[in-house]
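A.B. asks: Provided herewith is a single structure, encoded as structure tokens, for subsequent inquiry.
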Amino acid sequence: MRSIKRVLHVAVNDLRIMVGDKVFFFWSLAFPVLFIVLFGLLYKTSDKAPDVAELAVVNLDQGRWGAYFVKKIETPGIAVTVTDKEPAEYSRLIILPPDFSAKIEARRSQALAFKKRENASSRAAARVETRLYQAIARTISELILYGEGDLTKFLDGHPEFRDLVVVKGEFPADTVTVVPSGFDHSIPGTTIQFIMMMVLIYGGVTVMEDRKKGVLGRMLFSPLSTGELFRAKLLGRWLMGLLQALMLFVVGAIFFKLNLGSVPLALLVIAVFALAMAALSIFVGSLCTKEDMIIGLSVLLANTFAALGGCWWPNEIVPPAVRAVARISPAYWAMDALHQLRFFQGRFADIVVQVGVLAGLAAVLTAVAGKAFRIRE
Amino acid sequence: MRRLLLILGNDVRRHLKAPWAIIIFIIIPLVMTGLIGIIFAPRTEGNELPPIPVLLVDNDKGLASKLIVSSFDVDQMKKMFQVTVTDEADGRKRMAKGKASAMVVIPNGFTLDLLEAKPVTLLVVKNPSEQFLPDVVEEFMNTMAVMLSGAIQAFSEEVKGIRAMLDLKLDAIPWETLGPEFGKAQKKVVAASKYLNPLLIGLKEEETKAAGARPQVTASDLFSSILPGMAIMFLLFIVQTLMRDILSDREDGKLRRMMTTPLRPLELIGARLTGGWIMGLAVLLVMVAFGTLAFRVAWGPLGSFLLLAAVAAFWTAAFFALFHALVRNRNQAGAIGAPIILAFSMFGGSMIPPEGMPKAFKAVGIMTPNRWFIDGAALVREGRFPIASLIVLFASGLVLLALAVPALRRRTSV
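Residue numbers (my numbering), protein chains in the order written: chain A, 24 to 400; chain B, 28 to 441.
Here you go:
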């Protein structure tokens, strides 16, 4: 009991010193919030193509089919602008050539030039392209239905296309009912990344400095044992990670309507993840003798883990080989668990593997850090 | 001048003796560039996305549903989709765990309803944790739906015949009347093939040089656009580390001892500034060399790029000279320096391309060296001379230098 008290005393004191540093709030709160806003807005614009995708149609057709084909393209999701010459600025553009009608009426094939502007939404472009193919399919179906007749008279009267098959999209039962916002993606990702960065840098540098300045050695003059000192340092860094996550989640809930799914389970994931990072920070701080090296190593590890783990971009767009490699990143398991909770309304059984992997990693890193932990240079 | 060079040479030797921090800071941008490049590089097969895992549930097992199932079996579709045929219960279980991007459910009675020209619905269950891939599946199914609707309508008479035959016993089918019907169908098939092979109306995505048109982006282009941003970000970190000597000399008492020698403060300041500039430029060139070798990054005309790199390194050295003249100690420098660099990098486009940023972020970005360096590097890559970047970086660097020198002189006097 006394041992626990001593460990707690040192850990809480460590935390107090770190929190007392004004820059702590920049790193733990201000900068991550900037990240959240930026990535949240980026997710928002990239995950959701503009409500109305633009399409410029340069209709040079000298017959009636051009206008008819444009009507086939039109749909509430696409803003079609018809012009007679190529505009200087456009997001995407299709050209109906002068002989568009003539070729259709002669039943001769043709390929329409479809141009996409660099940096315009690729999802909007995909939507337009799909719609174009659908318009082509509709037109060809009507032509087949029309038969061998004279196509110059087609537009005077012909059977209309009907959508017999429709597609209905939905989410799995008991998951989400609305598409999660960009912030639902960016807040967990940023939290995980900054826990890694903060705990590794702060935790590592302070362990190294305490050792170099002889603070650790002097602490052993108190009734603390080396084991207790190690546990206290571990606990202090773990509490720092937890505190940071709590701050970001509270800010997320207040300002960005963050929904974590199950809050206690999300905190469990963060707790196990932060423990692994706390152990890693002591390991790094015990091995390195220079602040710059700890900072460099921490930035390298945190950024690589974050990129691999899906903190910056959705894992779905990552090539399968990189996705397989991503499993070496602790951030991957934490993000996967948080996704299960948020997007699939997961319960404990759904995240037991991820939490298990993180707990195993925390145990291994704690053992390794314990071995490497040094009191003196 | 000789004394300045002696200090400079000594500084360089000292930093080369303990190079690990600098090496790590050189490695980081290269690793990040490699990672981002690998993930976002255009695939050689012309498919920009990885294969999309799709679960396919065929509750109908009829003619029309088999048509849908087989449409996923075409070579081009096989590259695009990774299809697993399963039953609905298993599919829903897997979707509830996010094991696929989407599940397509073909309902029971799909074929019969279609043959009777009744409206039918295909269900696409989408993975809620994914943002792009489920929509690709949904759009693909939408196109399939249009094609199926078209086929059913184009062959409506034949479809009615098939539907009627399905209700008849084999011996009740009037085989002798089917001949002419088959003949009509054959005519339609022949007519249809005229429209479909080759496609009467196709699309051609042009690699056009028209204004605003999209050129084909290669992996090398991608690396070339990422690395300058990363390089300037970590150049800032490295020069900050190198120029921290200004503070550590004062804190460790070395400055006091140096000033007892026939060394003038201006020589020392000059050595530190030149050291930051030259070592910064050297580090930048190391990154450039590695980028060129590892990622085939194209930098454009070497002369223009070297000039830009030299001016960027000068700006960085001048900035950190002023910075270290203003902060009280190493702890404060470490605490404030890194946030400033990260803010520069975030707003300046080192972390996210400026074109993807909100307007307010872009406006702030203009005040960062990152933005001017990145824009300048892009211009050099296009073969243009980055005059605006050079002027802005050099002029603001001179202002910083003009502020830094007197401030450092005050701090150097003992």
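The beta carbon of each residue, even a glycine, is placed where N, CA and C say it ideally should be.
How many Å lie between residue 221 (chain B) and residue 66 (chain B) at the Cα?
C.D. replies: Taking the straight line from one Cα to the other gives about 42 Å.
A.B. asks: Using a cut-off of 7 Å between C-beta atoms, extract the partners of residue 170 (chain A) located in chain B.
C.D. replies: Within 7 Å Cβ-Cβ: 218.
A.B. asks: Give me whichever residues DSSP pairs with residue 137 (chain A) in a beta bridge.
C.D. replies: Its beta-bridge partners are A:117 and B:232.
A.B. asks: If contacts are defined as beta-carbon pairs under 8 Å, then residue 59 (chain A) and residue 213 (chain A) qualify, I think. What distance do you get, rounded to the angstrom?
C.D. replies: Yes, residue 59 (chain A) and residue 213 (chain A) are in contact; Cβ-Cβ is about 5 Å, under 8 Å.
A.B. asks: Would you say residue 191 (chain A) faces chain B, with C-beta separation under 8 Å as the test?
C.D. replies: Closer than 8 Å to some Cβ of chain B, the Cβ of residue 191 (chain A) qualifies, so yes.
A.B. asks: List, in order along the chain, the chain B residues whose C-beta lies closer than 8 Å to that of residue 362 (chain A)?
C.D. replies: Within chain B, the residues near residue 362 (chain A) are 125 and 156.
A.B. asks: What is the residue span of the beta strand (DSSP E) that residue 85 (chain B) lies within?
C.D. replies: 79-85 is the extent of the beta strand (DSSP E) around residue 85 (chain B).
A.B. asks: What is the rounded straight-line gap between the Cα of residue 111 (chain B) and the Cα of residue 49 (chain B)?
C.D. replies: Spanning the two alpha carbons is a distance of roughly 49 Å.
A.B. asks: I'd like to know whether the C-beta of residue 232 (chain B) is nearer than 8 Å to at least one C-beta of chain A.
C.D. replies: Yes, because at least one Cβ of chain A sits closer than 8 Å to the Cβ of residue 232 (chain B).
A.B. asks: In terms of alpha-carbon separation, which member of A:187, A:254, A:51 and A:167 lies closest to residue 91 (chain B)?
C.D. replies: Nearest option by C-alpha distance: A:187.
A.B. asks: At a Cβ threshold of 8 Å, is residue 83 (chain B) touching chain A?
C.D. replies: Chain A, which has no Cβ nearer than 8 Å to the Cβ of residue 83 (chain B), makes this no.
A.B. asks: Decide if residue 381 (chain B) is buried, meaning its Cβ has at least 16 other Cβ atoms within 10 Å, or exposed.
C.D. replies: The residue is buried, with at least 16 neighbouring Cβ atoms inside 10 Å.
A.B. asks: What does the Cβ neighbour count give for residue 28 (chain B), buried or exposed, with the cut at 16 atoms within 10 Å?
C.D. replies: The residue in question, residue 28 (chain B), is exposed, as its Cβ has fewer than 16 Cβ neighbours within 10 Å.
A.B. asks: For a test of the three-state rule: what should DSSP assign to residue 37 (chain B), helix, strand or coil?
C.D. replies: If DSSP states are grouped into helix, strand and coil, residue 37 (chain B) belongs with the helices.
A.B. asks: With a threshold of 8 Å between beta-carbons, can residue 63 (chain A) be considered close to chain B, or not?
C.D. replies: Taking Cβ atoms only, chain B never reaches closer than 8 Å to residue 63 (chain A), which makes this a no.
A.B. asks: With burial defined as no fewer than 16 other Cβ atoms inside 10 Å of the residue's Cβ, what is the status of residue 154 (chain B): buried or exposed?
C.D. replies: Residue 154 (chain B) comes out buried.
A.B. asks: Which residues in chain A sit within 8 Å of residue 337 (chain B), going by Cβ to Cβ distance?
C.D. replies: In chain order: nothing, as chain A lies at least about 25 Å away.
A.B. asks: What did DSSP end up calling residue 129 (chain A) once you bin it into helix, strand or coil?
C.D. replies: Looking at residue 129 (chain A) - three-state DSSP - the assignment turns out to be coil, as it is neither helix nor strand.
A.B. asks: I'd like to confirm the pairing. Which residues does DSSP put opposite residue 111 (chain B) in its beta bridges?
C.D. replies: Answer is B:82.
A.B. asks: From the DSSP output, which residues share a beta bridge with residue 98 (chain A)?
C.D. replies: Bridge partners of residue 98 (chain A): A:101.
A.B. asks: Do you know offhand how far residue 408 (chain B)'s Cα is from residue 38 (chain A)'s?
C.D. replies: Approximately 49 Å between the Cα atoms of the pair.
A.B. asks: I'd like to check one pair, residue 263 (chain A) with residue 222 (chain A): are the Cβ atoms closer than 8 Å?
C.D. replies: Cβ distance < 8 Å, so residue 222 (chain A) and residue 263 (chain A) count as in contact.
A.B. asks: At which residue ranges does the segment 165-206 of chain A contain complete alpha helix (DSSP H) runs of 4 or more residues, listed in the order of the chain?
C.D. replies: Those alpha helix (DSSP H) runs which fall completely within the segment 165-206 of chain A and span 4+ residues do not exist here.
A.B. asks: Can you pull the chain B neighbours of residue 130 (chain A), defined as C-beta to C-beta under 8 Å?
C.D. replies: Chain B residues near residue 130 (chain A): 221, 222 and 227.
A.B. asks: What in chain A is Cβ-close to residue 47 (chain B), meaning under 7 Å?
C.D. replies: Those within 7 Å of residue 47 (chain B) in chain A are 316.
A.B. asks: Rounded to whole angstroms, what is the Cα-Cα separation between residue 391 (chain A) and residue 191 (chain A)?
C.D. replies: Whole-angstrom Cα-Cα distance: 53 Å.
A.B. asks: Listing by chain order, which chain B residues have their CB less than 8 Å from the CB of residue 133 (chain A)?
C.D. replies: Simply 227, 228 and 229.
A.B. asks: Is there contact here, the segment 43-58 of chain A with the segment 86-102 of chain A, by at least three beta-carbon pairs under 8 Å?
C.D. replies: Cβ pair count under 8 Å is below three, so no.
A.B. asks: Which chain B residues sit within Cβ distance under 8 Å of residue 46 (chain A)?
C.D. replies: Simply 362, 363 and 366.
A.B. asks: Is it true that the CB of residue 393 (chain A) sits closer than 8 Å to the CB of residue 253 (chain A)?
C.D. replies: A contact, by the Cβ cut-off of 8 Å.
A.B. asks: Would you identify the three-state DSSP class for residue 241 (chain B), choosing helix, strand or coil?
C.D. replies: Residue confidence is low: residue 241 (chain B) scores 44 on pLDDT, short of 50, so the model does not pin down where it sits. No coordinate-derived value is stated.
A.B. asks: So with Cβ pairs under 8 Å, would you call residue 87 (chain A) a contact of chain B?
C.D. replies: So no, residue 87 (chain A) is outside the interface.
A.B. asks: Output the distance between the C-alpha atoms of residue 196 (chain A) and residue 152 (chain B), rounded to the nearest integer angstrom.
C.D. replies: Computed Cα separation, rounded: 9 Å.
A.B. asks: Expressed to the nearest angstrom, what Euclidean distance is found between the alpha-carbon atoms of residue 39 (chain B) and residue 369 (chain A)?
C.D. replies: Approximately 56 Å between the Cα atoms of the pair.
A.B. asks: May I ask you to check if the CB of residue 321 (chain A) is nearer than 7 Å to at least one heavy atom of the ligand MG?
C.D. replies: In the structure on display, the ligand MG does not appear, and there are no ligands present to speak of.
A.B. asks: For residue 137 (chain B) and residue 224 (chain B), what's the separation of their Cα atoms in angstroms?
C.D. replies: Straight-line Cα distance between these residues: approximately 28 Å.
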